[in-house]
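Chains as they are written, first to last, in the working numbering: chain A, 1186 to 1297; chain B, 5 to 116. Even for Gly, the Cβ is constructed at its ideal location relative to N, Cα and C. Structure first, commentary second.
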């Protein structure tokens, strides 16, 4: 059973701080990794994708991937109250057709 | 450019009934995947449709079935509804199942 693990949180950070969200996965053959943001009662919104080891930056977001350790992380710099949401880590299953395996999500709360 | 659209947004059904949910993919996308998201959980893959065929299926019973039309839109059918089928049903589209997946706004199904 291929799995994606995330701390459920809540992760509470003050406004302006860096939020660090982590994810581990079991499918060693996976090559594609995604972070989705989900506001309460809404659907997941893609915010980052990463395919190679190392860092990928997009605005205030940085995704980090270490395939050897089977570890993915998301850093949010200058956190804002509007970043308060659940962040879902998703891994594309190896050998499949874009089947995504999701973690249960980490709830982030940014307080003023 | 229209994103992924789903209908209806909310639905209440009685145990034992049947339900049909609908999804139109993002413009330019030809692959539709369906996910079930229970409260507090990450989305779980139900199945994926490409070229009007079910290409991959997750661990869901045969009560869950689907269809894809020539215009790439898709339907999810659930027969003999159980209380445990209450969830947010999400449709995600991509191109040939190889690109990033984008979600629709979801259908909230409540079985009473």
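At which residues does the beta strand (DSSP E) containing residue 116/B begin and terminate? Locating residue 116/B in the second chain gives position 112, where the first residue counts as 1. Bounds of any beta strand (DSSP E) do not take in residue 116/B, whose DSSP letter is neither H nor E.
Only counting the same chain, and skipping five residues up and downstream in sequence, which positions put a Cβ closer than 6 Å to that of residue 112/B? By one-based count along the second chain, residue 112/B stands at place 108. Same-chain partners within the cutoff: 14 and 92.
Would you say the region 61-72 of chain B touches the region 95-105 of chain B, given that touching needs at least three Cβ pairs under 8 Å? Of all C-beta pairs linking the region 61-72 of chain B to the region 95-105 of chain B, fewer than three are shorter than 8 Å, placing the two stretches out of contact.
With DSSP as the reference, label residue 1267/A as helix, strand or coil. If you number the first chain from 1, residue 1267/A lands on position 82. Three-state result, residue 1267/A: helix.
I think residue 1221/A touches residue 1275/A, with their Cβ atoms under 8 Å apart; what is that distance to the nearest whole Å? As a first step, residue 1221/A is located in the first chain; it is residue number 36 there, counting from the start. As a first step, residue 1275/A is located in the first chain; it is residue number 90 there, counting from the start. With a Cβ gap of about 6 Å, residue 1221/A and residue 1275/A count as contacting.
Nearest chain A C-beta to residue 40/B closer than 8 Å, yes or no? Locating residue 40/B in the second chain gives position 36, counting from the first residue. By this cut-off, residue 40/B is not an interface position.
What three-state label does DSSP hand residue 89/B in the structure shown? Sequence index remark: in the second chain, residue 89/B carries index 85 (1-based). Looking at residue 89/B - three-state DSSP - the assignment turns out to be helix.
With H, G and I counted as helix, E and B as strand and the rest as coil, what does DSSP make of residue 83/B? As a working note, residue 83/B is residue 79 in the second chain. Coil, per DSSP.
Presumed contact (8 Å Cβ cut-off) between residue 85/B and residue 19/B, rounded CB distance: Against the second chain, residue 85/B aligns to sequence position 81. Against the second chain, residue 19/B aligns to sequence position 15. About 6 Å separates the Cβ atoms of residue 85/B and residue 19/B, confirming a contact at the 8 Å cut-off.
Residue 1282/A touches chain B at which residues, Cβ-Cβ below 9 Å? As a position in the first chain, residue 1282/A is number 97, starting the count at 1. Scanning chain B for C-beta atoms nearer than 9 Å to the C-beta of residue 1282/A yields 35, 37, 52, 54, 59, 60, 100, 101 and 102, reported in chain order.
Closest Cβ-Cβ distance between residue 49/B and chain A: below 8 Å? Reading the second chain from its first residue, position 45 is the one you call residue 49/B. At least one CB of chain A lies nearer than 8 Å to the CB of residue 49/B.
Three-state secondary structure assigned by DSSP to residue 1192/A: Reading the first chain from its first residue, position 7 is the one you call residue 1192/A. Under the three-state reduction of DSSP, residue 1192/A is assigned to coil, being neither helix nor strand.
Please name the residue in 1281/A, 1187/A and 1201/A whose C-alpha comes closest to that of residue 1307/A. Here chain A comprises residues numbered 1186 to 1297, so residue 1307/A is not present and cannot be evaluated.
Quick check on residue 33/B: does DSSP put it in helix, strand or coil? Stepping through the second chain from its first residue, residue 33/B is reached at position 29. In the three-state reduction of the DSSP assignment, residue 33/B falls in the coil class, being assigned neither a helical nor a strand state.
Chain-ordered neighbours of residue 1195/A on chain B, where CB pairs are closer than 9 Å: Along the first chain, one-based indexing puts residue 1195/A at 10. Residues of chain B passing the Cβ test: none, with the nearest at roughly 12 Å.
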